[in-house]
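The structure appears right after this line, and notes come after that.
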Amino acid sequence: MYKILLKQELAPNVKLFKMQAPLIAKKAQPGQFVILRIDEDGERVPLTIADFDREEGSITLIFQEVGASTKLLGTLNEGDSLLDLVGPLGKPTHIENFGTVVCVGGGIGIAPVYPIARGMKAAGNEVISIIGARNKEILIYEEEMTAVSDTLHIATDDGSKGIKGFVTDPLKQMIAEGKKIDLVVAIGPVIMMRNVAEVTRPYQIPTVVSLNPIMVDGTGMCGGCRVSVGEENKFACVDGPEFDAHKVDFAGLVARQRMYIPKEKQYAEHCASTREGGCKCHSH
Amino acid sequence: MSLSLKKNAMPEQDPKVRARNFDEVALGYEAELAQAEASRCLNCKAAPCRKGCPVDVDIPAFIKHIKEGDMEAAIANIKEVNGLPAICGRVCPQEDQCEKFCVLTKRGEAVGIGRLERYAADYARQQGESAATAAAAAVGQKVAVIGSGPAGLSAAGELAKKGYAVTIFEALHLPGGVLMYGIPEFRLPKEIVQAEIDGLRQMGVTIEVNAVIGRTFTVDELIEEEGFDAVFIGTGAGLPHFMHIPGENFNGVYSANEFLTRCNLMKAYRFPDTGTPIHVGKKVAVVGGGNVAMDAARTALRLGAEEVHIVYRRSETELPARLEEIHHAKEEGIIFTLLTAPVEVQGNQEGWVTGLKCIRMELGEPDASGRRRPVEIPGSEFVLPTDTVIIAIGQGPNPLVQSTTKGLETNKKGNIVADPETGATSKPGVFAGGDIVTGAATVILAMGAGKKAAAAIDAYLSGKRAGQA
Ligand SMILES: Cc1cc2nc3c(=O)[nH]c(=O)nc-3n(C[C@H](O)[C@H](O)[C@H](O)COP(=O)(O)OP(=O)(O)OC[C@H]3O[C@@H](n4cnc5c(N)ncnc54)[C@H](O)[C@@H]3O)c2cc1C
Ligand SMILES: Cc1cc2nc3c(=O)[nH]c(=O)nc-3n(C[C@H](O)[C@H](O)[C@H](O)COP(=O)(O)OP(=O)(O)OC[C@H]3O[C@@H](n4cnc5c(N)ncnc54)[C@H](O)[C@@H]3O)c2cc1C
Ligand code: SF4
Ligand code: SF4
Ligand code: FES
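These protein sequence lines are chains A and B, in that order. So for the first sequence, numbering that gives the first Met the number 0 puts the first residue at 0; every next one is plus one. So for the second sequence, numbering that gives the first Met the number 0 puts the first residue at 0; every next one is plus one.
The structure is reproduced here in structure tokens:
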């Protein structure tokens with residue numbers, strides 16, 4: 000039912016799926032996500048909607064193979080189907096003409112930033128984008144981001160593309176130069192989002208980040224995705240995933256994201272061993 | 000006739016064995032026991048038991064059929080008003096409902112009405128009776144049912160019987176609501192719920208899983224764009240409450256919903272054959288005293304916990320759970336730490352829970368609910384060492400549908416306001432029932448509400464048909 004229309008490898012361990020999902024495509028807005036299940040014994044995996052095509056009835060997902068489920072997902076091919084796909088979940092990004100918006104994307108986070116940058120551009124904003132990755136091999140969506148940004152900065156850890164440094168560097172420089180920034184949207188690894196928040200905090204530049212705590216249902220039913228935002232507990236799947244970066248308890252988020260690391264390893268090893276001798280836990 | 004003052008005991012798995020497996024605890028009466036239990040019923044003319052049943056099952060009549068061995072008549076009789084007897088027989092709080100009013104309670108124990116209802120339903124299922132009933136000729140109108148818990152399932156069934164084209168929209172990947180993701184297998188085998196759902200499909204009901212109303216569609220779109228003539232909302236009380244005490248976000252602290260969903264819906268008890276992990280630890284504290292708390296505690300035990308506490312702020316008499324669940328939990332070795340309220344969750348550097356700081360309580364004057372109010376005993380704080388805390392202090396309404404539907408009135412708590420007799424809401428053509436209206440209640444009340452709303456929807460749509468003719 001939820002067919003993979005197109006599969007691309009964007010970078011090592013980073014894959015793009017274009018999924019047939021007309022109902023989701025019809026409703027999707029920048030900032031929202033889906034939850035998928037590969038097969039009957041699979042877990043519910045949340046992924047951001049990186050793009051959508053209402054006419055074709057498709058959505059684009061971009062994922063990094065980090066553990067057993069995303070690795071298994073990466074073995075699927077065009078024409079294969081997912082067992083479950085639900086969405087669009089979460090609140091859409093608040094898009095309007097703010098003036099100047101800086102869109103910061105780090106690593107796999109560039110994918111979800113893209114529809115937001117595009118939306119901000121379409122709303123009449125000056126869009127300045129900063130994208131970064133460890134090196135140029137794993138930098139994704141450069142062309143797409145160029146197309147929707149007035150200015151694009153690139154930063155890599157090793158300097159293999161753009162400036163050598165972090166995405167926060169061009170941001171700091173802009174602020175130092177007195178550039179008037181009305182909003183910063185940052186998506187990427189938690190450490191990056193936290194650093195962006197620290198850069199903009201002293202200047203009180205409104206800053207929005209998209210959080211990815213561990214989720215189960217994605218409908219507000221389990222509370223597993225709760226994060227502390229301004230002393231209040233919020234459910235990221237329904238109250239977010241975007242929140243005011245200056246209020247987020249990033250340390251708490253990181254701790255909760257690490258909750259199952261030993262179990263995730265155990266599952267990965269179990270899958271690897273059962274799949275060698277003919278996989279028992281997954282039908283693919 | 001010499002009547003036994005006691006109910007015929009329910010055959011059960013041995014507590015020591017069952018505390019480590021997920022198979023059903025209560026095994027059900029065999030024919031002989033059922034006969035014996037049915038024979039205890041005096042077939043009272045006034046049938047006081049009936050007034051305790053929210054859907055008015057004709058209790059003496061169906062029990063008489065069992066006594067006479069006419070199982071077909073027994074099940075037909077129950078099914079006239081109760082579409083889910085195998086479920087209600089297992090999970091109704093009978094001691095507060097039908098059995099509470101049984102005349103036998105004056106001298107001894109009530110007739111095991113729930114057990115007999117379960118017996119009749121299981122018998123019918125084993126005979127291969129399909130849950131499907133022939134549907135009337137199609138009337139040509141479409142009804143959308145949101146949520147597939149007992150309220151939605153019973154509304155859908157009733158409407159399909161009357162010839163409406165019914166589509167159920169369910170947010171999760173599996174229909175059944177709390178019956179699937181909340182109540183554990185050892186109390187309500189999932190094949191029973193599945194049989195009911197299969198029955199609905201056979202009757203022509205379409206079930207769209209992975210459809211979150213408020214996101215995938217809004218209620219207004221269902222009516223204006225998707226051509227539904229009426230909508231029933233049965234979205235339940237799925238929003239978990241937390242305690243708002245320090246430390247609730249430490250790893251190892253779960254809402255009961257999350258803990259039970261991981262286990263029941265995502266089958267974490269089979270991890271790593273399934274992909275969803277669950278953390279149990281050695282010492283578990285479950286906060287709360289209702290069915291949800293009992294289910295979480297007994298699930299933790301079955302997942303391998305060594306010591307499981309129920310931490311409840313009132314005393315044993317106030318425990319809201321079904322008596323049978325309390326009894327079973329005790330037999331299995333759950334420790335009841337009563338008159339105790341948590342004040343803080345303690346944790347370590349790595350962000351994991353290490354203990355639950357509690358304070359002892361005593362009972363004071365009755366409060367608004369009529370129960371004696373628990374009052375803190377100053378200076379009685381102590382720490383219960385634990386590596387898992389499960390919070391089961393209640394659930395509220397999920398706001399997703401209400402916040403995305405124009406003109407749908409809600410009350411202070413966020414529940415949908417609906418007529419208790421018809422389920423009619425402030426929005427024409429939109430009906431609601433079950434926990435989303437009443438707040439967290441019972442399976443039978445949700446089922447009854449779905450049924451009443453179906454009747455009202457039928458009346459509303461017949462009127463519309465007549466108007467068009
Ligand atoms: C709203 C949201 C949007 C996301 N969007 C994207 C995206 O567009 N592209 C992308 O590559 N990744 C995205 N993620 C992260 C992605 O869901 C996880 O990488 C994936 O679930 C890991 O599963 P695994 O079995 O492969 O790895 P595992 O080995 O199981 O886990 C690796 C790490 O991923 C995280 N994780 C594990 N399970 C879950 C879960 N159920 N929910 C959330 N995080 C989990 C944990 O931090 C864990 O330590 C998103 C997460 C959320 C919550
Ligand atoms: C652990 C537990 C144990 C219990 N034990 C008992 C017991 O022993 N006896 C008893 O009588 N009662 C018990 N209850 C209470 C009983 O289960 C509920 O009162 C009953 O299930 C309510 O039925 P419902 O149809 O209103 O809602 P639910 O059963 O909650 O079903 C609602 C459904 O709607 C879906 N939904 C929600 N929002 C949306 C949306 N926006 N779009 C689409 N779908 C949506 C949900 O996913 C869910 O499947 C228990 C409850 C729990 C949680
Ligand atoms: S439906 Fe519940 S309350 Fe009614 S007779 Fe059956 S067990 Fe008793
Ligand atoms: S009150 Fe008790 S004895 Fe009398 S009809 Fe009802 S179940 Fe039978
Ligand atoms: S994922 Fe369950 S409430 Fe957010």
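Glycine included, C-beta positions come from ideal geometry on N, C-alpha and C.
Bridge pairing for B:Q12: absent [DSSP].
Contact of A:K233 with chain B is not assigned, every C-beta pair being separated by 9 Å or more. These are the residues, in chain order, with a beta carbon less than 7 Å from any non-hydrogen atom of ligand 5: A:M214, A:V215, A:D216, A:G217, A:T218, A:G219, A:M220, A:C221, A:G222, A:G223, A:C224, A:F234, A:A235, A:C236, A:V237, B:E257. The secondary-structure analysis by DSSP pairs A:L15 across a beta bridge with A:Q7, A:I61.
Non-local beta-carbon contacts of B:H172 in its own chain, meaning distances under 7 Å to residues more than five positions away in sequence, involve V208, N209 in chain order. B:G237 sits in coil when the DSSP states are folded into three classes, being neither helix nor strand. Residues of chain A with a Cβ closer than 7 Å to the Cβ of B:T353 do not exist; the shortest Cβ-Cβ separation is about 14 Å.
Per DSSP, A:L151 is one residue of the beta strand (DSSP E) stretching across 150-155. Residues of the region 60-91 of chain A with a Cβ closer than 8 Å to any Cβ of chain B, in chain order: A67, S68, L82, D83, L84, V85, G86, P87, L88. The closest CA to that of B:S3, considering only B:L41, B:D13, B:E11, B:N20, is found on B:L41. About 16 Å separates the beta carbons of B:I191 and B:D294, which is beyond the 8 Å limit, so they are not a contact pair. The beta carbon of A:E136 is closer than 7 Å to those of A10, P11 in its chain, skipping five residues each way along the sequence. Taking the beta carbon of B:N256 as reference, the chain A residues within 8 Å of it are M220, C221, G222, listed in sequence order. Spatial neighbours of A:A185 in its own chain (CB-CB distance under 6 Å, excluding positions within 5 residues in sequence) are listed in chain order as V103, M192, V195, V208.
Taking 8 Å as the cut-off, one finds at least one heavy atom of ligand 3 near enough to the beta carbon of B:I58. Contact check for A:T92 and A:G118: beta-carbon distance about 7 Å, within the 8 Å limit, so the pair qualifies.
In this chain, the alpha helix (DSSP H) harbouring B:G447 covers 442-467.
One finds nothing in chain A with a Cβ atom closer than 8 Å to the Cβ of B:F430; even the nearest lies about 22 Å away. Burial state of B:S402 is exposed, judged by a 10 Å Cβ sphere holding fewer than 16 other Cβ atoms. For A:K262, the neighbours in chain B by C-beta distance under 9 Å run, in chain order, F270, P271, P276, I277, H278. The alpha-carbon separation between B:K411 and B:M9 amounts to approximately 43 Å. Using a C-beta cut-off of 8 Å, the region 100-120 of chain B makes contact with the region 19-31 of chain B, since at least three inter-stretch Cβ pairs fall below that distance. The CB of B:T215 comes closer than 8 Å to the CB of L22, I23, K26, V85, G86, P87 in chain A, given here in chain order. In terms of side-chain proximity, the C-beta atom of B:N42 is found no nearer than 8 Å to any non-hydrogen atom of ligand 3. Between the alpha carbons of B:P92 and A:G229 lies a distance of about 41 Å. Residue contact check for A:A132 against chain B: no CB pair falls below 9 Å. A Cβ-Cβ distance of about 14 Å is found for the pair A:L88 and A:F51, leaving them out of contact under the 8 Å criterion. With a contact defined as Cβ atoms closer than 8 Å, A:L84 and A:Y1 qualify at about 4 Å. Burial check for B:Y180: the Cβ neighbour count within 10 Å reaches 16 or more, so the residue is buried.
Residue pairing by DSSP puts A:D50 in a beta bridge opposite A:T59.
At least one beta carbon of chain B lies nearer than 9 Å to the beta carbon of A:S227. For A:M119, the uninterrupted alpha helix (DSSP H) run begins and ends at 109-121, by DSSP. Between B:K5 and the set B:G148, B:A143, B:D121, B:R39, the nearest pair of CA atoms involves B:R39. In this structure the region 421-432 of chain B does not lie against the region 323-330 of chain B, because fewer than three pairs of beta carbons, one per stretch, are closer than 8 Å. The beta-carbon separation of B:E343 and B:G246, rounded to 6 Å, stays under the 8 Å limit for a contact. Think of a sphere of 9 Å around the beta carbon of B:V211: the chain A residues whose beta carbon falls inside it are V85, G86, P87, L88, G217, T218, in chain order.
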